[in-house]
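Peer 1:
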DNA sequence: GCATAACTATAACAAATGTTTCAATGTCGG
DNA sequence: CCGACATTGAAACATTTGTTATAGTTATGC
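Protein chains in written order, with the numbering used here: chain A, 2 to 250; chain B, 2 to 250.
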């Protein structure tokens with residue numbers, strides 16, 4: 002895990018772009034963001050950034066790659082509770098209270114910026130930035146609720162369809178889509194641990210979506226061929242993301 | 002829905018008790034809490050306190066009864082994302098951002114205190130109170146994650162067992178338990194909408210827990226007869242609640 | 001205190017999802 | 001370019017959970 006030269010290039014990218022979607026940021030806010038990082042690491046896939054029981058401080062920002070929050074059962078079963086995609090900042094203020102009750106790990110190679118506690122306080126002293134971070138946190142919580150809906154009341158195919166729609170909106174917000182397609186660099190096993198199924202059933206269900214002409218997957222590239230039908234089948238209503246509705250173009 | 006005489010008796014009870022578990026409160030904090038309520042209502046079961054799409058402000062506190070956060074599918078299927086039990090305060094700051102992306106409704110008759118936006122700002126200007134509310138909010142988010150684990154990676158029986166353990170800890174924190182029993186005034190249908198199953202399967206699974214001698218239900222009263230085994234089967238680790246471990250007495 | 005509705009319990013059957021296994025394909029370091 | 005290893009695809013069968021139906025039981029309004 003090598004520490005790359007800082008300078009804030011990482012934070013100025015997707016993180017800035019994401020927060021701009023939630024709050025009108027000034028030049029000075031962007032500059033503060035760029036200054037705050039305490040070093041950017043390139044972390045290989047399958048690495049824990051934080052373990053359950055750690056007592057972390059400050060913040061982490063993902064600027065490249067996919068990471069996730071997860072917990073394990075004693076038998077090794079894993080449940081993913083959240084994806085951290087480029088632009089996502091995760092507050093480690095759990096330390097206000099106690100120790101991490103879940104782990105954060107990479108699903109792919111990730112570029113990760115660390116923000117020290119002092120720097121994180123500086124950021125929050127800028128009202129526009131604080132507002133952006135606060136709103137992002139509220140949306141993260143709304144996503145947790147929607148995932149509960151997904152797990153509790155949607156079928157296997159619907160769960161996957163819903164997840165793909167959500168990721169389209171989130172990836173678009175950081176400029177990582179092209180039309181209705183984006184890179185989804187994770188395995189079917191990861192998808193299974195996200196949607197509470199087995200990888201076998203994920204495979205079945207993906208095949209179903211593919212045969213229905215709703216999605217296409219070439220390597221890591223996922224294309225939502227018929228977004229309108231996909232959204233309809235998943236009853237995807239993006240209001241919980243507090244961004245614009247994707248046009249079904 | 003009649004508005005009862007205020008005076009803060011409601012807020013001084015379970016809400017105060019809950020927050021004291023998270024932060025050392027002074028007399029003045031308790032007084033501020035008692036003063037803040039803008040009226041307490043007695044709300045019948047099955048009533049929405051807030052609907053999806055509303056633009057609410059201020060805070061709500063439940064001082065008696067069970068309420069929940071929920072969403073509906075178009076076919077009428079309901080998923081409950083959180084229980085609001087006595088002492089729980091729910092921040093309506095979603096208004097910072099936009100409209101409610103879920104509804105809040107009563108599961109039983111509830112006593113509900115409303116805290117106006119100005120009063121809520123007053124509360125937050127008291128550091129100890131602000132800390133207590135913040136920690137309570139962090140725990141609420143941790144509960145959402147644990148519920149995702151529950152839905153995704155536990156069997157029907159385990160899900161119920163885990164929920165009952167969680168509620169024991171939360172009810173104990175507001176003094177509503179007696180040994181390992183407490184009032185769980187909700188129906189099997191509510192439990193089904195919580196755990197992502199059908200009421201038939203909830204009934205089957207409750208029977209299984211009962212026959213195994215793990216729980217007993219007399220009317221609304223739930224007793225966890227063998228807490229140690231119940232915790233073990235559900236792999237219940239209460240760290241995410243950030244309170245003391247219940248002794249398996 | 002009765003009539004009604006809501007809730008609990010249970011059965012028989014259907015559908016969805018999990019388990020195990022194996023082959024085909026892709027990826028990556030030397 | 002090869003070999004090892006991870007990933008995808010898929011079949012056969014097992015298990016869990018959902019569906020529909022019906023009867024008993026408890027709460028509730030009048």
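Even glycine gets a Cβ: it sits at the ideal position worked out from N, Cα and C.
What residue does the beta strand (DSSP E) around residue 82 (chain A) start on, and which one ends it?
Peer 2: Counting from one through the first chain, the residue named residue 82 (chain A) turns up at place 81. Start and end: 79 to 85.
Peer 1: With a threshold of 6 Å on Cβ separation, who are the neighbours of residue 62 (chain A) within its own chain once the five nearest residues in sequence on each side are excluded?
Peer 2: Counting from one through the first chain, the residue named residue 62 (chain A) turns up at place 61. These residues qualify, in order along the chain: 16, 90 and 114.
Peer 1: Looking only at C-alpha atoms, which of A:157, A:229 and A:200 sits nearest to residue 214 (chain A)?
Peer 2: Residue 214 (chain A) sits at position 213 when you count from the first residue of the first chain. Comparing Cα-Cα distances from residue 214 (chain A) to each of A:157, A:229 and A:200, the minimum goes to A:229.
Peer 1: Run through DSSP, which three-state label would residue 2 (chain B) get?
Peer 2: Along the second chain, read from residue 1 onward, the residue named residue 2 (chain B) stands at position 1. Interpretation of residue 2 (chain B) is limited by its pLDDT of 43, a score under 50 that renders its predicted location unreliable; the figure taken from the coordinates is listed afterwards. Residue 2 (chain B): coil per DSSP, three-state reduction.
Peer 1: Considering only the beta carbon of each residue, do residue 171 (chain A) and residue 86 (chain A) sit closer than 8 Å?
Peer 2: On the first chain, residue 171 (chain A) is found 170 positions in, with the first residue counted as 1. On the first chain, residue 86 (chain A) is found 85 positions in, with the first residue counted as 1. Contact flag set, yes.
Peer 1: Name, please, each residue of chain B whose Cβ falls closer than 7 Å to the Cβ of residue 153 (chain A).
Peer 2: Working through the first chain from its first residue, we reach residue 153 (chain A) at position 152. By Cβ distance, chain B contributes 80, 152 and 197.
Peer 1: Alpha helix (DSSP H) containing residue 92 (chain A): first to last residue?
Peer 2: As a working note, residue 92 (chain A) is residue 91 in the first chain. Residue 92 (chain A) -> not in any alpha helix (DSSP H); beta strand (DSSP E) instead, spanning 90 to 92.
Peer 1: Reducing DSSP to helix, strand and coil, say where residue 185 (chain B) ends up.
Peer 2: Here residue 185 (chain B) refers to the residue found at position 184 of the second chain. Residue state, collapsed to three classes: coil.
Peer 1: Report the CB separation of residue 50 (chain A) from residue 68 (chain A) in whole angstroms; it is logged as a contact under 8 Å.
Peer 2: Stepping through the first chain from its first residue, residue 50 (chain A) is reached at position 49. Stepping through the first chain from its first residue, residue 68 (chain A) is reached at position 67. The pair is a contact, with the Cβ atoms about 7 Å apart (cut-off 8 Å).
Peer 1: Could you confirm whether any beta carbon from chain B is found closer than 8 Å to the beta carbon of residue 227 (chain A)?
Peer 2: As a first step, residue 227 (chain A) must be located in the first chain, where it is residue number 226. Not closer than 8 Å to any Cβ of chain B, the Cβ of residue 227 (chain A) fails to qualify, so no.
Peer 1: Determine the DSSP secondary structure at residue 137 (chain B), reduced to helix, strand or coil.
Peer 2: As a first step, residue 137 (chain B) is located in the second chain; it is residue number 136 there, counting from the start. Of the three classes helix, strand and coil, the one that applies to residue 137 (chain B) here is helix, per DSSP.
Peer 1: For residue 66 (chain A), count the other beta carbons within 10 Å of its own beta carbon; 16 or more makes it buried, fewer makes it exposed. Which is it?
Peer 2: Here the question's residue 66 (chain A) lines up with position 65 in the first chain. By the 10 Å Cβ count, residue 66 (chain A) comes out buried.
Peer 1: Are the C-beta atoms of residue 183 (chain A) and some chain B residue less than 8 Å apart?
Peer 2: Translated into the one-based positions of the first chain, residue 183 (chain A) becomes position 182. For residue 183 (chain A), the answer is no, since every Cβ of chain B falls outside 8 Å of its Cβ.
Peer 1: Pop quiz: residue 161 (chain B) and residue 206 (chain B) are said to be a contact at Cβ under 8 Å. What is the actual Cβ separation, rounded to whole angstroms?
Peer 2: As a working note, residue 161 (chain B) is residue 160 in the second chain. As a working note, residue 206 (chain B) is residue 205 in the second chain. Yes, residue 161 (chain B) and residue 206 (chain B) are in contact; Cβ-Cβ is about 5 Å, under 8 Å.
Peer 1: In whole angstroms, what separates the C-alpha of residue 145 (chain A) from that of residue 210 (chain A)?
Peer 2: Translated into the one-based positions of the first chain, residue 145 (chain A) becomes position 144. Translated into the one-based positions of the first chain, residue 210 (chain A) becomes position 209. So the two alpha carbons sit approximately 24 Å from each other.
Peer 1: Could you confirm whether any beta carbon from chain A is found closer than 8 Å to the beta carbon of residue 216 (chain B)?
Peer 2: Here the question's residue 216 (chain B) lines up with position 215 in the second chain. Chain A, which has no Cβ nearer than 8 Å to the Cβ of residue 216 (chain B), makes this no.
Peer 1: Is the beta carbon of residue 147 (chain B) sitting closer than 8 Å to the one on residue 236 (chain A)?
Peer 2: If you number the second chain from 1, residue 147 (chain B) lands on position 146. If you number the first chain from 1, residue 236 (chain A) lands on position 235. Not closer than 8 Å, so no.
Peer 1: What does DSSP give as the partner residue(s) for residue 63 (chain B) in the beta ladder?
Peer 2: Here residue 63 (chain B) is taken as the residue at index 62 of the second chain, counted from 1. Bridge partners of residue 63 (chain B): B:113.
Peer 1: Of all the CB atoms in chain A, is at least one closer than 8 Å to the CB of residue 51 (chain B)?
Peer 2: In the second chain, counting from the first residue as 1, residue 51 (chain B) sits at position 50. Not one chain A Cβ lies under 8 Å of residue 51 (chain B).
Peer 1: Return helix, strand or coil for residue 125 (chain B), following the three-state DSSP convention.
Peer 2: Against the second chain, residue 125 (chain B) aligns to sequence position 124. Residue 125 (chain B) falls in the helix class under three-state DSSP.
Peer 1: Please say whether residue 182 (chain B) and residue 189 (chain B) have beta carbons closer to each other than 8 Å?
Peer 2: In the second chain, counting from the first residue as 1, residue 189 (chain B) sits at position 188. In the second chain, counting from the first residue as 1, residue 182 (chain B) sits at position 181. Taking 8 Å as the Cβ cut-off, residue 189 (chain B) and residue 182 (chain B) do not qualify as a contacting pair.
Peer 1: Quick one: what's got a C-beta closer than 6 Å to residue 208 (chain A)'s C-beta in the same chain, skipping five residues either side?
Peer 2: Reading the first chain from its first residue, position 207 is the one you call residue 208 (chain A). Same-chain partners within the cutoff: there are none.
Peer 1: State the Cα-Cα distance for the pair residue 123 (chain A) and residue 240 (chain B), rounded to the nearest angstrom.
Peer 2: Within the first chain, residue 123 (chain A) is the residue found at index 122, counting from 1. Within the second chain, residue 240 (chain B) is the residue found at index 239, counting from 1. Roughly 30 Å separates the two Cα atoms.
Peer 1: Could you name the residues of the same chain whose beta carbon sits closer than 8 Å to that of residue 103 (chain B), not counting the 5 residues immediately before and after it, in chain order?
Peer 2: On the second chain, residue 103 (chain B) is found 102 positions in, with the first residue counted as 1. Closer than 8 Å at the Cβ level, and outside the excluded window around residue 103 (chain B), lie 53, 70, 71, 72 and 82.
Peer 1: Put residue 69 (chain A) into one of helix, strand or coil per three-state DSSP.
Peer 2: The count along the first chain starts at 1 and reaches residue 69 (chain A) at position 68. Residue 69 (chain A) falls in the strand class under three-state DSSP.
Peer 1: Closest by CA to residue 169 (chain B), which one among B:12, B:14, B:47 and B:216?
Peer 2: Within the second chain, the letter at position 168 stands for residue 169 (chain B). Closest option to residue 169 (chain B), Cα to Cα, is B:216.
Peer 1: Can you tell me where the alpha helix (DSSP H) holding residue 201 (chain B) begins and where it ends?
Peer 2: Against the second chain, residue 201 (chain B) aligns to sequence position 200. Residue 201 (chain B) -> alpha helix (DSSP H) spans 200 to 212.
Peer 1: Can you check whether the CB of residue 59 (chain B) is closer than 8 Å to the CB of residue 117 (chain B)?
Peer 2: Residue mapping note: residue 117 (chain B) aligns to position 116 of the second chain, counting from 1. Residue mapping note: residue 59 (chain B) aligns to position 58 of the second chain, counting from 1. Yes. Within cutoff.
Peer 1: For residue 213 (chain A), would you say it is in contact with chain B, using Cβ-to-Cβ distances shorter than 8 Å as the test?
Peer 2: The count along the first chain starts at 1 and reaches residue 213 (chain A) at position 212. No, because no Cβ of chain B sits closer than 8 Å to the Cβ of residue 213 (chain A).
Peer 1: Which residue marks the beginning of the alpha helix (DSSP H) containing residue 227 (chain B), and which one marks its end?
Peer 2: For the purposes of this step, residue 227 (chain B) is taken as the residue at position 226 of the second chain. Per DSSP, residue 227 (chain B) belongs to no alpha helix (DSSP H) and is neither H nor E.
Peer 1: With H, G and I counted as helix, E and B as strand and the rest as coil, what does DSSP make of residue 49 (chain A)?
Peer 2: One-based indexing of the first chain puts residue 49 (chain A) at position 48. Residue 49 (chain A) falls in the strand class under three-state DSSP.
Peer 1: Three-state secondary structure (DSSP) at residue 27 (chain B)?
Peer 2: The sequence position of residue 27 (chain B) within the second chain is 26, counting from 1. Coil.
Peer 1: Residue range of the alpha helix (DSSP H) that residue 173 (chain A) falls in?
Peer 2: As a working mapping, residue 173 (chain A) is identified with position 172 in the first chain. Taken as a continuous stretch (DSSP letters only), the alpha helix (DSSP H) holding residue 173 (chain A) covers 157 to 174.
Peer 1: I'd like to know whether the C-beta of residue 19 (chain B) is nearer than 8 Å to at least one C-beta of chain A.
Peer 2: Counted from its first residue, the second chain places residue 19 (chain B) at position 18. So no, residue 19 (chain B) is outside the interface.
Peer 1: On the DSSP bridge assignment, give the partners of residue 104 (chain B) in chain order.
Peer 2: Counting from 1 along the second chain, the entry for residue 104 (chain B) is found at position 103. According to DSSP, which records beta bridges pairwise, residue 104 (chain B) is partnered with B:71.
Peer 1: Tell me which same chain residues have a C-beta within less than 7 Å of the C-beta of residue 14 (chain A), skipping the five on either side of it?
Peer 2: Counting from one through the first chain, the residue named residue 14 (chain A) turns up at place 13. The answer, listed in chain order, is 64.
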